[in-house]
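Only one structure is covered here, and it is reproduced in the block below.
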Amino acid sequence: MPNHIMIDVPEVEFMEVTENVAEWRLGERAVIKTPKFLCGWGLGIVIVIPLMLWVAYTAITSSMDDIMTAVLWCGGTIAAMGFYYYSPVNRGNRGREVTIDWNARTITVRAGVRTDVKSLDDVRRLCLQTTATHGTPTEYRGVLEVDVAGKQIQLFETLMSHKEKNEPTNILLAVTRRLAESMSVPFEVYLEGRQLEPKELDGLGRTESELAQKYEQLGSIASGYAMSADFHGNAAEAEEHRQEAVFYLMQAHNLDPSLPEPLLKIGRLSKNEEHRDAAIDAALQQNPDNVPALIERAHQLNLDGLEDEAIEALTEAVEKEPSVRTYQARAEACQSMGRYELAHADFSEAIKLDPEDADCYSSRAECLKEWYENSSKSDLIDQALADFDQAIRLDPEDSSFVTERGTMYRAAGRLQEAIDDFSTAIERDAESIYALSQRGQAYLECGDAAREAERDFSRMIDVLEEQPRTTDETMSYFQTTSIAAAYRWRAEARRQLGQMEQADADHELAVSMSAEME
1 MPNHIMIDVP
11 EVEFMEVTEN
21 VAEWRLGERA
31 VIKTPKFLCG
41 WGLGIVIVIP
51 LMLWVAYTAI
61 TSSMDDIMTA
71 VLWCGGTIAA
81 MGFYYYSPVN
91 RGNRGREVTI
101 DWNARTITVR
111 AGVRTDVKSL
121 DDVRRLCLQT
131 TATHGTPTEY
141 RGVLEVDVAG
151 KQIQLFETLM
161 SHKEKNEPTN
171 ILLAVTRRLA
181 ESMSVPFEVY
191 LEGRQLEPKE
201 LDGLGRTESE
211 LAQKYEQLGS
221 IASGYAMSAD
231 FHGNAAEAEE
241 HRQEAVFYLM
251 QAHNLDPSLP
261 EPLLKIGRLS
271 KNEEHRDAAI
281 DAALQQNPDN
291 VPALIERAHQ
301 LNLDGLEDEA
311 IEALTEAVEK
321 EPSVRTYQAR
331 AEACQSMGRY
341 ELAHADFSEA
351 IKLDPEDADC
361 YSSRAECLKE
371 WYENSSKSDL
381 IDQALADFDQ
391 AIRLDPEDSS
401 FVTERGTMYR
411 AAGRLQEAID
421 DFSTAIERDA
431 ESIYALSQRG
441 QAYLECGDAA
451 REAERDFSRM
461 IDVLEEQPRT
471 TDETMSYFQT
481 TSIAAAYRWR
491 AEARRQLGQM
501 EQADADHELA
511 VSMSAEME
């Protein structure tokens, strides 16, 4: 689990804490764990295992006196370990687990093997303290403690990364309020030793809108984990992260229904098209001016072949919000429909709104490239290359722009310039599947570089074969079709080299993989 964990007391909160928090719900259990490496036990195990082996060896080969000596050494070591572990000097090195059971009305504290159970009815107050560290520069940390019958139990500690004095208080204050309300106890807040008055607390703490945005961030992170797990073939882990993402995103929506994305992101997590449509409907019903929902609805309409309806939805989005994203969305839809002149006009509007956006220039260049490929208008080549050049100037670190410029050179028949661009991209990322495939095909088109083409396609196959087999249907299709294409291209390169047997073997592999996907 990541260090930044959601807290739900009793509704929803977000905190940055060092502990691993699980199952925090009012009416259920809350487990707050602080795992520690027990160096005393670790060192003891390293010593005890050889001693036990010594005892076993002496029992077989030595006299009774030697056996007793070995037993005493082993017993003494274990006793020393126990003394060290239970002694006050090692208190900070023990693992700690605090369990709040709302049904049983208890707080259970486990430190190592010790267990202490307290009743929630004995909770007197909550205490939130923010203190300064002695580092350079000064940082601030916050600790939330619960006073149970005179005993202070630490629940949460903020990460040591805050440069603002109030930030740890802001993070912990909302959950402190929720806990105090649910336990019907007062709470106190101390800022560097000074207790804050109630009126001073009014301006502190995160708003529900801020918490909702944090939840949306957590949902996006969990979605990314789910995608990664799918890619690595871990279906169970992927499903767990999807459920986690849905929970976070629903909390974000419940806290701030005006946020445009949470419901849409929930829809994207489902592999059921009806669920995605329902999410879009719900988002638009909640807010008819939800521009991301309009864009997503248009995308679905376009996939269903309803092109005019898709353009209407995107035009509505542009009218409601004439921005880079709306113009780009309509431009991309027009481009996919082959309406290149309209797409070019919308990309140009997006560039007017943000002339420093490298992606806008790259997108317009891609549109010009497709337009050229479908019309052979030679004047479009220089326009596209000029846009790619501008994208590279604005973001020289993004090798994808160099690769895409190479595809324009290749489409125009300027193969050496294309190969130079692809080579630059591969120097930056030796495992770029797209750049390797494009350079390999450019080498094939040269007519006298089959050896170089075979090398690129072999490298492409190696990279793809090394990737884990995904459980996601879409990604699996992409993986398999990419490998099949690489084998098919390498077969052509080997034919040009006269390696007919190897070429036939590659061709058969490509055909069998393609058949699997049908």
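Residue numbers (our numbering): 1 to 518. Even glycine gets a Cβ: it sits at the ideal position worked out from N, Cα and C.
For the ligand FMN, is there any heavy atom lying closer than 8 Å to the beta carbon of residue i?
i      : result
Lys320 : Ligands in the displayed structure: none, and consequently the ligand FMN is not present.
When we look at the beta-carbon of residue i and count the other beta-carbons within 10 Å, is it buried (16 or more) or exposed?
i      : result
Leu126 : buried
Glu13  : At Glu13, the pLDDT of 36 sits below 50, so the modelled position is not reliable; the number obtained from the coordinates is stated separately. Looking at its Cβ environment, which holds 16 or more other Cβ atoms inside 10 Å, Glu13 is buried.
Ser362 : buried
Thr474 : exposed
Pro355 : exposed
Pro168 : buried
Ala606 : In the structure as shown, the chain starts at 1 and stops at 518, and residue 606 therefore has no counterpart that could be examined.
Gly267 : buried
Gly40  : Any reading at Gly40 must be qualified, since the residue scores a pLDDT of 46, below 50, and its modelled position is unreliable; the value itself is stated next. Gly40 comes out buried.
His134 : exposed
Gly142 : buried
Val117 : exposed
Gln335 : buried
Gly305 : exposed
Pro198 : exposed
Thr115 : exposed
Glu492 : buried
Arg393 : exposed
Leu385 : buried
Lys377 : exposed
Asp456 : buried
Gln195 : exposed
Lys352 : exposed
Glu366 : buried
In terms of residue numbering, what span does the alpha helix (DSSP H) encompassing residue i cover?
i      : result
Val318 : 307 to 320
Gln213 : 208 to 231
Gln496 : 473 to 496
Lys199 : 198 to 201
Asp359 : 358 to 375
Val511 : 500 to 517
Ser119 : Unbroken run through Ser119 is the beta strand (DSSP E), 114 to 119; no alpha helix (DSSP H).
Leu259 : No alpha helix (DSSP H) contains Leu259, which DSSP labels as neither H nor E.
Leu128 : It is not in any alpha helix (DSSP H) - Leu128 instead sits in the beta strand (DSSP E) that spans 123 to 132.
Pro168 : 167 to 183
Met408 : 399 to 411
Lys271 : Where Lys271 is concerned, there is no enclosing alpha helix (DSSP H), given that its DSSP letter is neither H nor E.
Leu394 : 379 to 394
Glu164 : Element bounds for Glu164: n/a, residue is neither H nor E.
Gly440 : 433 to 446
Ala333 : 324 to 336
Ala350 : 340 to 353
Throw me the rounded Cβ distance for the residue i and residue j pair, which I believe falls under 8 Å.
i      : j      : result
Ala411 : Lys369 : 6 Å
Pro260 : Ala293 : 7 Å
Arg428 : Ser399 : 4 Å
Asp147 : Arg177 : The Cβ separation is near 16 Å, so there is no contact.
Val189 : Leu173 : 7 Å
Ala236 : Glu192 : The pair is not a contact, with the Cβ atoms about 47 Å apart (cut-off 8 Å).
Asp230 : Thr471 : 6 Å
Nearest to residue i by alpha carbon, out of the options?
i      : options                        : result
Glu349 : Glu321, Met337, Ser376         : Glu321
Val463 : Glu312, Ser378, Ile433         : Ile433
Asn290 : Gly305, Leu314, Glu373, Glu274 : Leu314
Gln390 : Leu264, Val324, Arg405         : Arg405
Glu164 : Gln152, Ile280, Thr138, Val143 : Thr138
Met408 : Asp395, Glu397, Trp371         : Trp371
Gln441 : Glu366, Leu306, Gln416         : Gln416
Glu454 : Glu431, Glu465, Gln499         : Gln499
Met517 : Arg393, Tyr477, Leu436         : Tyr477
Gly219 : Glu181, Gln195, Leu269         : Leu269
Glu452 : Asp421, Glu431, Arg494         : Arg494
Gln152 : Asn374, Tyr140, Ile107, Pro288 : Ile107
Pro257 : Glu240, Ala238, Ala283, His232 : Ala283
Gln286 : Glu273, Glu274, Asn302, Pro262 : Pro262
Ala238 : Tyr215, Gln467, Lys271, Glu366 : Lys271
Gln217 : Asn170, Glu181, Lys265         : Lys265
What is the residue span of the beta strand (DSSP E) that residue i lies within?
i      : result
Asp147 : 140 to 148
Ala453 : Note, Ala453: premise wrong, no beta strand (DSSP E); alpha helix (DSSP H) at 450 to 466.
Lys151 : 151 to 157
Leu191 : 187 to 191
* Asked: Taking contact to mean at least 3 C-beta pairs separated by less than 8 Å, is the stretch 201 to 208 in contact with the stretch 224 to 232?
  -> No, the stretch 201 to 208 does not touch the stretch 224 to 232.
* To do: Give a yes or no on contact between the stretch 244 to 253 and the stretch 478 to 494, applying the rule of three or more CB pairs nearer than 8 Å.
  => Not touching, per the Cβ criterion.
* Does the stretch 251 to 261 come within contact of the stretch 193 to 203, defined as at least 3 CB pairs closer than 8 Å? -> Segments in contact, no.
* **Sufficient close CB pairs (3 or more, under 8 Å) joining the stretch 505 to 516 to the stretch 485 to 495** => With three or more CB-CB distances shorter than 8 Å, the stretch 505 to 516 counts as touching the stretch 485 to 495.
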